[in-house]
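Going from the first sequence to the working numbering is simple: count from 1 and add 95.
The next block holds one structure in the form of structure tokens; read it before the comments.
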Amino acid sequence: MKQTDLFVKTLRDSPKDEKSLNAELLLRAGFVDKLASGVYTYLPLGLRVIKKIKNIIREEMNVLGSQEILMPALTPKENWEKTKRFDVAESYKIKDEDFVLGWTHEEIVTPLMIKHILSYKDLPCSVYQIQNKFRNEPRAKSGLLRGKEFIMKDMYSFHQTTEDLNDYYEKVKQAYFKVYERCGLKETYLTIASGGEFTKEYSHEFQAITEAGEDNIYICNNCGLGINKEVKDSKCQNCGNTSFVQKKSIEVGNIFKLFDRYSLPIGLKDEKGNSVLMGCYGIGISRLMGTIVESSNDNHGIIWPKNIAPFQIHLLEIGGNDESVKLKAEEIYQILQNKNFEVLYDNRDEKTAGEKLNDSDLLGIPIRLVISKKTLAKNSVEFKKRESSEVCLIKITDLIKYVEQFSE
RNA sequence: CGGGGCAUAGUGAAACGGCUAUCACGAGUCUUUUGGGAAGAUUUAUUCUGAGUUCGAAUCUCAGUGCCCCGACCA
């Protein structure tokens, strides 16, 4: 994409009121626009990142045999009355309180499954959706980390036996780690937390280590299990070790065994009349994006992990009013496009070199290529990785091969 | 929901209760410029809303609203 066609503006100054790093960088770089506290518009660059994260999640959930569906955000009152959650403060009630803006979807997916699960042959079964969720947060904060409306993947699984639920639950854990790894999140810990009202068993959170985090977890020095402070014991629940390190973290996913908490009141039964057992599995996608920005940046801007970067290559022409530079830059842009690289081409004429270079750092695309009179004199293009300060000149004839190496 | 802070152009800032609310950047038009945020010309505002005090309010008072931060809350 040519940068002159991109609907985005970068800001030179940080917005006055944003203390949170992810909010500041994402707003300055033009990835998002803030409509209200905790309510954001995703601009083209931000949406590209969101789409990449969604697709990674889709791929991993599909591997688990789950199928994607989309449930409504507008959900009728009756569904919530059955499970006694109509009055939960987290929801937004609308239209004279006949509807709730969905903040989680057990109440919708469980009745759906009554229609679908007619025999033991239909079990196990798993569905997920990616959707905007609404939570009546008393205090939205920290940019994308805690919003009133946010993007979430929620998956629900249905089983005939506890054993089958347990098996599936373990597989989901592994899939979640793959998601975080592919998204470039370096330090994520499986963390045990309270199962809440549903079960004496623990639920599991996935906690990413970051200074911006709202949680404090204790990490076992022996086995690496994270332990939420609400269930902190003197010994590690997994290995019995007694030494821990405390770190600030943000929850980027959680998984629960729901058992019959929803199937019982809603009446989801197998053919023998036993309640179907359920699990639910969430990932906050917008929060994940914010967390990645918090953990991957420098003084100049964002450093996107390559799998979720909005583009793979940022091609800059410097001195583009020189006809030969412009032509060559266009040519290289076309070649890279034809090779299916995702290229953002800074073809803006009126910008100085400094502006282009600074914008490039701010946007955080993994590979930067610069073409100028200087590099053309050597039949070359300058190559730089965003994460490194090393710069090197690459012969134009070797460019494709060289770039391929770094995008694999 | 308790506590604290802030609110002036698209963004960031300035202006003792007193002249036509100033500056930088951005954005628009034109000319010149291009390796770490360039030069000139020109355009760019209901000082958050409402009330009050005053000869006079961006500035003081009260109320409201919004935003940021701390805490509580967060299946």
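Just so it is clear, CB atoms sit at the ideal spot from N, CA and C, and this is done for glycine as well.
Nearest to residue i (by Cα), restricted to the options the options
| i | options | result |
| --- | --- | --- |
| S370 | G379, Y357, G377, S381 | Y357 |
| T509 | T178, L213, S214 | Outside the displayed range of the chain (96 to 503) lies residue 509, so it cannot be described from this structure. |
| I462 | Q429, I408, C375 | I408 |
| I165 | A118, K248, E477 | Residue identity check: residue 165 is Leu in the sequence provided, not Ile. Closest by alpha carbon: K248. |
| V222 | H254, E192, Y215 | H254 |
| P139 | P360, I491, L101 | L101 |
| P360 | R180, L285, M156 | R180 |
| D108 | T170, Y263, H395, E258 | H395 |
| K468 | F339, S419, N231 | S419 |
| L169 | Q429, Q162, Y187, I152 | Y187 |
| R241 | K423, S381, D191 | S381 |
| K423 | S455, L464, D393, L457 | L464 |
| I152 | S289, N117, E192, I246 | I246 |
| P219 | P405, S483, E258 | E258 |
| I430 | D493, L458, G379 | D493 |
| P343 | D328, E309, K210, I209 | Reading off the sequence, residue 343 comes out as Lys, not Pro. Here the closest residue by C-alpha is E309. |
| A184 | C375, R230, D454, K327 | R230 |
| K281 | T305, D262, K114, E265 | T305 |
| V103 | L213, S115, L458, K421 | L458 |
| I466 | S484, K421, E445 | K421 |
Under the three-state DSSP convention, the category residue i falls into
| i | result |
| --- | --- |
| D100 | helix |
| G368 | coil |
| F272 | helix |
| F501 | helix |
| L458 | helix |
| Y215 | helix |
| N157 | helix |
| G348 | strand |
| L84 | Nothing in the structure corresponds to residue 84, since the chain is present only between 96 and 503. |
| D493 | helix |
| D128 | strand |
| D259 | helix |
| K342 | strand |
| R463 | strand |
| L359 | helix |
| L280 | coil |
| L138 | coil |
| R481 | coil |
| E113 | coil |
| R123 | helix |
| R143 | helix |
| K469 | helix |
Whether residue i touches residue j by CB criterion (8 angstroms)
| i | j | result |
| --- | --- | --- |
| Y313 | K324 | yes |
| I287 | L320 | yes |
| A270 | S390 | no |
| G335 | F301 | no |
| K473 | L411 | no |
| S475 | I491 | yes |
| K460 | G279 | With the sequence shown as reference, residue 460 is identified as Ile, and Lys is not the correct amino acid for it. Not a contact, by the Cβ cut-off of 8 angstroms. |
| M384 | F354 | no |
| T283 | I345 | no |
| M250 | S161 | yes |
| G197 | L121 | no |
| G377 | E232 | no |
| T99 | R123 | no |
| V274 | E155 | yes |
| N311 | S338 | no |
| V267 | L363 | no |
| K508 | L260 | Outside the modelled stretch of the chain, which goes from 96 to 503, sits residue 508, for which no answer is possible. |
| A535 | N117 | No answer is possible for residue 535: the residues shown for the chain start at 96 and end at 503. |
Three CB pairs or more closer than 8 angstroms across the region 411 to 419 and the region 432 to 452: yes
Three CB pairs or more closer than 8 angstroms across the region 167 to 175 and the region 202 to 210: yes
Three-pair Cβ contact test at 8 angstroms for the region 393 to 412 versus the region 294 to 309: no
At least 3 beta-carbon pairs within less than 8 angstroms: the region 119 to 130 vs the region 217 to 234: no
Beta strand (DSSP E) runs wholly inside the region 365 to 409, at least 3 long, in chain order: 372 to 379
Minimum length 3: unbroken beta strand (DSSP E) runs contained in the region 282 to 335: 283 to 288, 298 to 304, 310 to 315, 321 to 323
Complete runs of the beta strand (DSSP E) confined to the region 163 to 199 [at least 3 residues]: With a minimum length of 3 residues, the continuous beta strand (DSSP E) runs that stay inside the region 163 to 199 are 169 to 171, 187 to 189, 194 to 196.
The region 137 to 149 in contact with the region 465 to 479 per 3-pair CB rule at 8 angstroms: With the cut-off at 8 angstroms, the region 137 to 149 and the region 465 to 479 do not touch.
At least three beta-carbon pairs within less than 8 angstroms, the region 430 to 439 to the region 493 to 500: yes
In chain order, each beta strand (DSSP E) run of at least 3 residues that lies wholly inside the region 403 to 450: 408 to 412, 438 to 441
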